[in-house]
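**Q**
Residue numbers (the numbering used here): 8 to 159.
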């Protein structure tokens with residue numbers, strides 16, 4: 008199985024000490040290291056208000072971890088976090104899928120831009136000095152588009 012990128016967000020009890028947060032991070036780090044993954048980023052968000060009460064708790068200590076690894080690694084982390092004391096909730100999300108979707112959408116916009124330019128009698132790609140140049144070279148700012156082509 009190939010390595011993918013995941014975000015792990017976990018919420019600890021609001022009265023968790025820095026040591027308890029560090030211990031849980033070390034446990035996750037040990038699992039990731041043992042199963043051949045990598046932790047790309049750890050971002051402790053600190054104490055925040057919960058969107059809704061969880062077990063009479065109105066606040067929690069949030070931590071975000073970006074992990075590169077396999078599905079088996081994430082299953083093991085999920086299994087371990089389910090039985091961890093002092094943890095209110097955790098969520099694992101695969102984020103490389105959204106990156107792939109964004110790349111597909113960007114390619115589609117670029118192709119549509121080229122199609123519109125050719126239909127107007129212009130070369131498919133922008134020429135030097137013909138408006139903004141850069142990473143986002145599509146003509147999405149054009150007002151010449153079909154309403155049916157827009158995604159909601």
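The beta-carbon is built from N, C-alpha and C at its ideal position, and this holds for glycine as well.
Every value quoted in this text rests on a predicted model; they were computed, and no experiment measured them.
Between residue 103 and residue 24, which are expected to be in contact by the criterion C-beta below 8 Å, what is the C-beta distance as a whole number of angstroms?
**A** Rounded, the Cβ-Cβ distance is 34 Å, inconsistent with contact.
**Q** So, does the segment 46 to 58 touch the segment 69 to 78, judging by three or more C-beta pairs under 8 Å?
**A** Yes, the segment 46 to 58 is in contact with the segment 69 to 78.
**Q** Rank 80, 92, 129 by C-alpha distance to the C-alpha of residue 15 and give the top, closest one.
**A** The candidate whose alpha carbon is nearest that of residue 15 is 80.
**Q** Restricting to runs no shorter than 4 residues, where is the alpha helix (DSSP H) found entirely within the segment 64 to 148?
**A** Runs found: 78 to 89, 103 to 126.
**Q** Taking the alpha-carbon positions, what's the residue 68 to residue 136 distance?
**A** For residue 68 and residue 136, the distance between alpha carbons rounds to 51 Å.
**Q** Evaluate contact between the segment 111 to 127 and the segment 29 to 43, counting only Cβ atoms and requiring at least three cross-stretch pairs below 8 Å.
**A** Verdict: no, contact absent.
**Q** Inspect the beta-carbon positions of residue 93 and residue 42 and report whether they are closer than 8 Å.
**A** No; because the gap between Cβ atoms is not below 8 Å, this pair is not in contact.
**Q** Please report the straight-line C-alpha distance between residue 65 and residue 58, rounded to a whole angstrom.
**A** Rounded to the nearest angstrom, the two C-alpha atoms are 8 Å apart.
**Q** Quick one, which of 55, 27, 131, 63 has its alpha-carbon nearest residue 91's?
**A** Ranking 55, 27, 131, 63 by Cα distance to residue 91 puts 27 first.
**Q** Who are the near neighbours of residue 83 in its chain, counting only those whose CB is closer than 8 Å to its CB and skipping five residues on each side?
**A** Here the set comprises 38, 42.
**Q** Pull the bridge partners of residue 53 from the DSSP assignment, please.
**A** Answer is 69, bridged to residue 53.
**Q** On the DSSP bridge assignment, give the partners of residue 15 in chain order.
**A** Note: residue 15 sits in a beta bridge opposite 72, 99.
**Q** Tell me residue 61's beta-bridge partners as DSSP assigns them.
**A** Looking at the DSSP assignment, residue 61 forms a beta bridge with 64.
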